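Step one of this worksheet: look at the structure below.
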Amino acid sequence: MDGANHSMVSEFVFLGITNSWEIQLLLFLFSSVFYVASMMGNSLILLTVTSDPHLHSPMYFLLANLSFIDLGVSSVTSPKMIYDLFRKHKVISFSGCITQIFFIHIIGGVEMVLLIAMSFDRYVAICKPLHYLTVMSPRMCILFLVTAWIIGLIHSLVQLAFVVKLPFCGPNVLDSFYCDFPRFIKLACTDTYRLEFMVTANRSSSKALSTLSTHVMVVILFFGPCIFVYMWPHPTSHLDKFLAVFDAVLTPFLNSVIYTLRNKEMKMAMRKVFSQIFIYRRIL
Numbered sequence: 021m022d023g024a025n026h027s028m029v030s031e032f033v034f035l036g037i038t039n040s041w042e043i044q045l046l047l048f049l050f051s052s053v054f055y056v057a058s059m060m061g062n063s064l065i066l067l068t069v070t071s072d073p074h075l076h077s078p079m080y081f082l083l084a085n086l087s088f089i090d091l092g093v094s095s096v097t098s099p100k101m102i103y104d105l106f107r108k109h110k111v112i113s114f115s116g117c118i119t120q121i122f123f124i125h126i127i128g129g130v131e132m133v134l135l136i137a138m139s140f141d142r143y144v145a146i147c148k149p150l151h152y153l154t155v156m157s158p159r160m161c162i163l164f165l166v167t168a169w170i171i172g173l174i175h176s177l178v179q180l181a182f183v184v185k186l187p188f189c190g191p192n193v194l195d196s197f198y199c200d201f202p203r204f205i206k207l208a209c210t211d212t213y214r215l216e217f218m219v220t221a222n223r224s225s226s227k228a229l230s231t232l233s234t235h236v237m238v239v240i241l242f243f244g245p246c247i248f249v250y251m252w253p254h255p256t257s258h259l260d261k262f263l264a265v266f267d268a269v270l271t272p273f274l275n276s277v278i279y280t281l282r283n284k285e286m287k288m289a290m291r292k293v294f295s296q297i298f299i300y301r302r303i304l
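Just add 20 to wherever you are in the sequence shown, counting from 1, and you've got our numbering.
Structure below.
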């Protein structure tokens, strides 16, 4: 029965962000610039941390993994959103929609744990500096990373387990530019009140606390739009969409900027990487 219901809806249609050509052009330029900048910035952080031995410490290990996750945040929804901006018929297959939901939530769960781990790292460095290397050992860093991926995977699979069995018999129009739970489950041909409550409770329990200003800014950037989308009782459609664009395109870029511009050691290492690249290109 479930398979028959699923086959009735083979694809979903996105309404997109706006019908205004001027706003679409502005969003295209804004999203394209910050998507490219985010990919380059986070890739540069990964390259810098892995290539500079002076940055092989717990803090930069976690930062490199956060940058890797931000590459995923940028890539899950942004490319299709940019591609669809000027298309009249914006569609995604049923399996594509489920896949997008899966990666959105596994990445969100991993990033949540990494932000908590980075806050814990800074707490130990400031409050217990003599025990820092003992507490934040390589084993502890690996444990944080493995835990992050396990929690992210569980967080995503638990919600998908409820969603994939829902019957979808039409309509198939999503008033958005990407697939996510709130609007997706409302298209099911059954009562989803309890499921909506579960999704809201699941997301609202995912708030990370932080002790330093850098982490506070990143946590606000990461969780602010998510909390609005999932918990606001009467979401304003246009504001909801623009916050989603902000979360998908701008936040990964700002994460890399915040963690590099406020860190002298990282800036020095990046200058070294740039100089090495410049010398290599001159030799060629």
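All C-beta atoms in this analysis are idealised placements derived from N, C-alpha and C, irrespective of residue type, glycine included.
Please read all numbers here as calculations on a predicted model, not as lab measurements.
So, residue i versus residue j, is the Cβ gap smaller than 8 Å?
i: residue 200; j: residue 124; result: yes
i: residue 137; j: residue 82; result: yes
i: residue 89; j: residue 134; result: yes
i: residue 48; j: residue 102; result: yes
i: residue 70; j: residue 57; result: no
i: residue 268; j: residue 93; result: yes
i: residue 59; j: residue 91; result: yes
i: residue 179; j: residue 105; result: no
i: residue 130; j: residue 168; result: yes
What residue from the options has the CA that sits closest to residue i's CA?
i: residue 114; options: 83, 60 and 183; result: 183
i: residue 276; options: 171, 31 and 68; result: 68
i: residue 33; options: 271, 286, 203 and 278; result: 203
i: residue 206; options: 46, 193 and 197; result: 193
i: residue 266; options: 97, 288, 77 and 283; result: 97
i: residue 208; options: 187, 196 and 104; result: 187
i: residue 288; options: 31, 74 and 160; result: 74
i: residue 116; options: 130, 100 and 129; result: 100
i: residue 175; options: 285, 87, 162 and 132; result: 132
i: residue 296; options: 63, 283 and 72; result: 72
i: residue 29; options: 185, 190 and 108; result: 190
i: residue 41; options: 166, 87, 108 and 147; result: 108
i: residue 164; options: 78, 153, 210 and 151; result: 78
i: residue 62; options: 95, 50, 140 and 198; result: 95
i: residue 139; options: 120, 161 and 121; result: 161
i: residue 31; options: 119, 270, 46 and 149; result: 119
i: residue 210; options: 151, 198 and 185; result: 185
I need the boundaries of the alpha helix (DSSP H) containing residue i, first residue and last residue.
i: residue 124; result: 114-147
i: residue 205; result: 201-205
i: residue 158; result: 158-183
i: residue 154; result: 152-155
Classify residue i as helix, strand or coil using the three-state DSSP reduction.
i: residue 108; result: coil
i: residue 194; result: strand
i: residue 82; result: helix
i: residue 102; result: helix
i: residue 229; result: Below a pLDDT of 50, predicted positions are generally treated as unreliable, and residue 229, at 36, falls in that range; the measurement from the model is reported next regardless. Of the three classes helix, strand and coil, the one that applies to residue 229 here is coil, per DSSP.
i: residue 38; result: coil
i: residue 186; result: coil
i: residue 210; result: coil
i: residue 77; result: coil
i: residue 72; result: coil
i: residue 62; result: helix
i: residue 1; result: Past the edges of the chain, shown from 21 to 304, lies residue 1, and the structure says nothing about it.
Taking residue i as part of the beta strand (DSSP E), name the residues at either end of that continuous run.
i: residue 34; result: 31-34
For chain D, check one thing: does any of its Cβ atoms lie closer than 8 Å to the Cβ of residue i?
i: residue 272; result: No chain D is part of this structure, which consists of one protein chain only.
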